[in-house]
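Worksheet: the structure to be examined is printed underneath.
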Amino acid sequence: MTIAQQALTVHINGQNVTLDVPEGLMMIDFLHEYLNLTGSRFGCGQGVCRACTVILDNTDGTSEEIRSCITGAHFFNGKKIRTIEGHGKKNDKGEVVAVSPIQQKFLEHYSFQCGYCTPGFVNAATVLIEKLQREPVAKEQVEETITHALDSHLCRCTGYVRYFEAVKDVILTTPGLIK
Amino acid sequence: MIKSTLLAVAGLAAVLLSGCSASDSVASKPAPADQIKRGQYLAQAADCMVCHTAKDGSGAPFAGGYPIHSPFGVIYGTNITPDKEHGIGAWSADDFFTAVTEGITPKHRLFPAMPYASYKSMTREDSDAIYAYLMTKKPVALANKENGLSFPFSFRPGLFFWQSAFLKDQLPDVSSGASAEWQRGRYVTNVLGHCAECHTPRTMAGNLDLSQSYQGNPKLDRIGAPDITPSGLAARGWTTTDLATFFAKGVAPQGSAYGEMYPVVHFSTQHMSGKDISAIATYLMGDTPPAPQPLKTISADAALLKAGQRTYIAVCAGCHGLEGQGKPNVSVAMKGNSTLRDINPQNLIVSTLDGIAEQKFPNNVTMQEMPGFARTLSDLEMSQLVNFLRATWGGQAADVSAEQIKAFRSEKH
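In the order they appear, the protein sequences are chains A and B.
Note that the numbering used here gives residue 155 to position 155 of the first sequence, counting from 1, and the numbers run on in steps of one.
Note that the numbering used here gives residue 1222 to position 222 of the second sequence, counting from 1, and the numbers run on in steps of one.
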């Protein structure tokens, strides 16, 4: 049996990737098996837990979360995405020299237990912060905004409080996110 | 002699009528436990809860507040708890029977959003049992919501003419049969379940168009009610057995209950006895049911189907499977799905645009939330997807245009 292949070009973490991949391949398998980007976690495999979330950068400058376990790789053809591997700053050798402000706050608040869902939470928090940069909220709406943005992400260790506190810290200490 | 007989009859009638006056018979003594239990069952079978409880069951049960959107404006389900001021606490069993079967309460005439056109044939015994059950509920002092009807539709006395013209003793039968099960099914389906109220189109006057009884009502809401005549069901692959499974579990090989049918299964059919469920299925399909039709092979432009398949793989296959096989507790199968097999693409288009909220069915069976793709897919991509689904797994023509998709994006019923 021959599996039909189809060309795929995706801009991932600042680089263009072009490969022929099977038609029915899900994005998470493409990231893991073809690019060795294993930071996006395969959790439930049915779009519920959101550990597999990646960031889609739209052409209008907005960003959004996409669940890579239930989205075909070819959905991303010609699109621009970021995975958890794309947040830190790297030097010319490709070594990570600094983490993102969100990652830093997650470290400071020790927002991890087993860590399996963390990539999804970091991506969701990043999308939230980028939205707040465009549309700041009132200070009294911050907690509700965080809850709404992260509500669908599951943590089986129930480490939600530390995630919440880390994201709240980012929002309160980053200029321009509160009106 | 004749005169004296008439006087005697009149006198007897007067005695009987006075014996039935509201003040005498209002919950004067507790109803027997078995009558209350039967009333609870019948209230579920008659699906009272959905329309008489605030949307999504968020309000107190039977305290009213559910909005029913009609072409004439919004009508809110009323408080039918035993509260004397806002509910039906001051009603007698007679009052209740008259309201349920004729649409006339002690205060005023009811709008036909209350399905008394179907309940008209409800037996007095069943009405009394439901009444007895409702009278055991906790009274809720919640005022009824003001209906959003404009004049002249808000003018209740005008309902006299509507009720005189359109209340029939019996609805036309959807199938033919004579068995005891079919007879029981006729009562449970036509009267208690009031299935025709949603599955029959309505005329300009708002009454059921009985010439098209059970042939479906696409205008019910964004999600329309499909044709549930025997031929309509068989054309979409339904059998009597699968229908019974659907009513009991909410999920069958042909798909799961969604739209307005989801609360019907949730609050009503799943609680019915196996006998009554089987009776409904038998009545809908008839004593001699038509054979379920096999999927037709459809010839369609290969390039168009390929484009639709690519979209399917991109955004649907992760849950519904590459072969459209679905996943238990995740998503229904697309192959042979009743919605894909419907000649009318409305429900397929609308559910793909709007998505379907997470569903919980009996025995811990769930169907997880389906996202809507209105923002993700263009009209062209959506039409290609819908055509791929219809032609590949629905045996229906790949004839949905991008213009049709566009029309459904903004359409509200």
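Virtual Cβ for every residue (Gly too), placed ideally from N, Cα, C.
- By the criterion of at least three beta-carbon pairs nearer than 8 Å, the region 145 to 160 of chain A is in contact with the region 36 to 52 of chain A.
- In the same chain as A1060 (chain B), and ignoring 5 residues on each side of it, the C-beta atoms closer than 6 Å to its own belong to V1140, in chain order.
- The beta-carbon separation of S63 (chain A) and L31 (chain A), rounded to 17 Å, does not stay under the 8 Å limit for a contact.
- With 16 or more other Cβ atoms from the protein chains shown falling within 10 Å of its own Cβ, N1147 (chain B) counts as buried.
- CA-CA distance, Q1309 (chain B) to P1201 (chain B), rounds to 34 Å.
- By the CB criterion at 9 Å, K79 (chain A) and L56 (chain A) fall inside the cutoff.
- For Q1384 (chain B), there are no neighbours in chain A by C-beta distance under 7 Å, as the nearest C-beta there is about 14 Å away.
- Collapsing the DSSP output to three states places K1406 (chain B) in a helix.
- Listed along chain A are Q46, each with a C-beta nearer than 8 Å to that of V1330 (chain B).
- In the DSSP assignment, V122 (chain A) forms no beta bridge with any residue.
- Residue pairing by DSSP leaves I1088 (chain B) without any beta bridge partner.
- By the beta-carbon neighbour count (other beta carbons within 10 angstroms, threshold 16), H1320 (chain B) is buried.
- Interface flag for F164 (chain A) against chain B is unset, since no Cβ pair is found closer than 9 Å.
- In this structure, the alpha-carbon of Q1035 (chain B) lies about 36 Å from that of G1224 (chain B).
- Residue range Q5 to I12 is occupied by the beta strand (DSSP E) that includes H11 (chain A).
- In summary, no residue of the region 1176 to 1197 of chain B has a CB separated from any CB of chain A by less than 9 Å.
- The residue among B:G1216, B:A1132 and B:A1205 with its C-alpha nearest the C-alpha of C1195 (chain B) is B:G1216.
- Non-local C-beta neighbours of R1109 (chain B) in its own chain, meaning closer than 8 Å and more than five positions away in sequence, comprise G1103, R1156, P1157, L1159, F1160 and Q1163, ordered along the chain.
- If the five residues before and after S1231 (chain B) are omitted, its C-beta is found closer than 8 Å to the C-beta atoms of P1290, all from its own chain and listed in chain order.
- In this structure, the alpha-carbon of T71 (chain A) lies about 6 Å from that of G1318 (chain B).
- Taking 9 Å as the threshold, the shortest C-beta distance from E135 (chain A) to chain B does not fall below it.
- Contact residues of the region 11 to 26 of chain A toward chain B are E23, G24, L25 and M26 (C-beta to C-beta distance below 9 Å).
- Here Y1076 (chain B) is bridged, per DSSP, to B:P1067.
- Taking the Cα of Y116 (chain A) as reference, the smallest distance to any Cα among A:C44, A:L132 and A:G94 is reached at A:C44.
- Taking all protein chains shown into account, R82 (chain A) has 16 or more neighbouring C-beta atoms within 10 Å of its C-beta and is therefore buried.
- Exclusion of the five residues before and after G1286 (chain B) leaves S1175, S1176, G1177 and P1230 as the residues of its chain whose Cβ lies within less than 7 Å of its Cβ.
- With contacts defined as CB atoms closer than 9 Å, G1250 (chain B) and F1361 (chain B) qualify as a contacting pair.
- Listed along chain B, no residue sits closer than 9 Å to H32 (chain A) by beta-carbon distance, the nearest being about 15 Å off.
- Assignment of N36 (chain A) by DSSP, reduced to helix, strand and coil, places it in the coil class.
- Secondary structure at I70 (chain A): coil, using DSSP grouped into helix, strand and coil.
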